[in-house]
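Numbering (this note's numbering), first residue to last: 22 to 393.
Set out below in structure tokens:
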């Protein structure tokens with residue numbers, strides 16, 4: 022037992038498991054579709070390795086206010102109208118009965134008597150007799166002895182010239198450009214998709230920790246740790262849509278054969294590379310025969326998965342290969358019988374067999390690691 026190595030393997034598994042949900046989401050599709058290229062929000066999935074590496078999150082910007090609406094009404098609703106019913110502002114139209122300053126109707130004015138001369142201080146009583154000695158346009162005779170106060174014509178008359186121009190309004194500050202967190206500084210709404218990342222990370226971490234505790238500091242441990250996230254992704258995809266994508270099964274087979282060949286070159290390895298290749302051919306042939314005998318009871322994806330698992334189990338010998346294969350069939354049979362007993366499935370109900378094959382292979386690797 023190497024506690025430090027086991028802790029490091031568990032940490033590696035947790036980090037690697039965080040990136041598994043994106044691959045599971047992209048590959049959990051119907052057989053006629055290869056994989057998903059967009060997140061549930063419709064945005065293209067981009068990132069390293071063609072978008073396969075990354076967190077299963079979609080950062081969609083928060084809704085912004087439509088053009089012409091204030092920022093405090095991003096939902097498209099207009100602000101409540103004010104009490105004023107007329108146009109306001111310096112350029113508001115004016116007309117009869119309308120105040121230019123406030124846009125409200127003025128009070129009615131009395132009609133002007135055409136017989137009243139300009140400059141008179143009061144209207145002339147049209148019903149009374151007029152005194153010929155009083156000049157027209159005056160309301161009372163003027164005393165020639167009483168001094169009169171000169172009248173300033175400028176003070177009595179309102180200016181008729183144009184109003185003084187107002188100072189130009191300061192230009193509005195330009196809107197701040199959209200920041201990295203969203204338009205107009207609003208934060209993104211992050212949407213997670215795929216299986217829960219925390220659960221997947223814990224599962225991958227547990228698998229890596231068990232492999233490290235069983236194998237120790239032997240060279241093949243690096244191979245098992247690299248293949249563990251692929252096995253977890255295969256189990257989750259098969260559980261979700263009952264299919265094993267070629268991009269994972271064939272990668273598992275090729276990666277196991279190549280990496281074990283490299284591990285065999287280092288001293289201290291406890292397996293045999295030729296035995297691994299023979300194990301892959303043997304288990305793949307067995308599953309291929311079962312597929313030919315009963316095609317409806319087993320998918321061809323299981324046959325391709327058996328090639329990779331046989332390579333992995335064959336590294337430790339034929340006994341481990343047999344144990345891992347038998348454990349997979351046993352776990353699948355127990356699960357199927359349990360569903361029938363609980364009346365949650367019938368004899369012809371399709372059950373994903375990939376998770377049980379992978380679990381049986383994990384048990385075989387643990388047995389081979391402890392035994393060697």
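We treat Cβ as the ideally placed atom computed from N, Cα and C, and that holds for glycine.
As the structure is a computational prediction, the values presented were derived from the model and not from experiment.
What number of angstroms, rounded off, separates the C-alpha of residue i from the C-alpha of residue j?
i           : j           : result
residue 228 : residue 391 : 15 angstroms
residue 66  : residue 47  : 9 angstroms
residue 317 : residue 370 : 10 angstroms
residue 277 : residue 344 : 19 angstroms
residue 364 : residue 76  : 38 angstroms
residue 63  : residue 212 : 12 angstroms
residue 387 : residue 258 : 24 angstroms
residue 30  : residue 334 : 20 angstroms
residue 300 : residue 324 : 13 angstroms
residue 51  : residue 288 : 45 angstroms
residue 309 : residue 24  : 41 angstroms
residue 393 : residue 337 : 8 angstroms
residue 298 : residue 263 : 27 angstroms
residue 261 : residue 272 : 20 angstroms
residue 294 : residue 282 : 6 angstroms
residue 339 : residue 305 : 14 angstroms
residue 350 : residue 238 : 31 angstroms
residue 352 : residue 251 : 20 angstroms
residue 368 : residue 28  : 43 angstroms
residue 321 : residue 315 : 11 angstroms
residue 53  : residue 43  : 20 angstroms
residue 362 : residue 286 : 50 angstroms
residue 355 : residue 78  : 36 angstroms
residue 206 : residue 346 : Only weak support exists for where residue 206 lies, its pLDDT of 45 falling under 50; the value from the coordinates is given anyway. The alpha-carbon atoms of residue 206 and residue 346 are separated by roughly 57 angstroms.
Closer than 6 angstroms by C-beta to residue i: which residues in its own chain qualify, once you throw out the five before and the five after it? Chain order, please.
i           : result
residue 159 : Residue placement at residue 159 is poorly supported in this model, since its pLDDT is 41, which falls under 50; the coordinates still yield a value, given next. Closer than 6 angstroms at the Cβ level, and outside the excluded window around residue 159, lies no residue.
residue 357 : 372
residue 274 : 328, 329
residue 61  : 214
residue 348 : 381, 384
residue 284 : 240, 241, 244, 290
residue 49  : 258, 261, 262
Taking the DSSP output, what are the residues bridged to residue i?
i          : result
residue 78 : 213
residue 59 : 65
Residues in the same chain with beta-carbon distance under 7 angstroms from residue i, minus the five sequence neighbours each way, listed in chain order, please.
i           : result
residue 256 : 375, 376, 379
residue 236 : 242, 245, 390
residue 33  : 229, 246
residue 68  : 74, 75
residue 139 : At residue 139, the pLDDT of 40 sits below 50, so the modelled position is not reliable and the matter cannot be decided from this model.
residue 59  : 65, 66
residue 296 : 335, 336, 338
Report the CB separation of residue i from residue j in whole angstroms; it is logged as a contact under 8 angstroms.
i           : j           : result
residue 241 : residue 279 : 13 angstroms between Cβ atoms; not a contact.
residue 226 : residue 26  : Not quite, the Cβ-Cβ distance comes to about 14 angstroms (not below 8 angstroms), so this is no contact.
residue 253 : residue 41  : 6 angstroms
residue 221 : residue 71  : Not really, about 21 angstroms apart at Cβ, beyond 8 angstroms.
residue 216 : residue 45  : 6 angstroms
residue 313 : residue 270 : Wrong, their Cβ atoms sit about 18 angstroms apart, outside the cutoff.
residue 307 : residue 319 : The pair is not a contact, with the Cβ atoms about 11 angstroms apart (cut-off 8 angstroms).
Excluding the five sequence neighbours on either side, which residues of its own chain have a C-beta within less than 8 angstroms of the C-beta of residue i, listed in chain order?
i           : result
residue 360 : 366, 370, 372
residue 303 : 331, 335, 342
residue 249 : 34, 37, 225, 228, 229, 232
residue 148 : The pLDDT assigned to residue 148 is 42, lower than 50, so where the model puts this residue is not dependable; a value taken from the coordinates is nonetheless given after this. Nothing meets the Cβ criterion.
residue 56  : 47, 48, 50, 266, 268
residue 223 : 35, 38
residue 198 : Annotation note: pLDDT 46 at residue 198 (below 50); position unreliable, coordinate value reported separately. Once the five neighbours on either side are set aside, residue 198 has no close Cβ partner at all.
Got a sec: is the Cβ-Cβ distance from residue i to anything in chain D below 9 angstroms?
i           : result
residue 380 : Note that chain D does not occur in the displayed structure, where there is just one protein chain.
Complete runs of the alpha helix (DSSP H) confined to the region 214–291 [at least 4 residues]: 218–236, 241–262, 267–284
Ranges of the alpha helix (DSSP H) found wholly within the region 302–348, counting only runs of at least 4: 321–335
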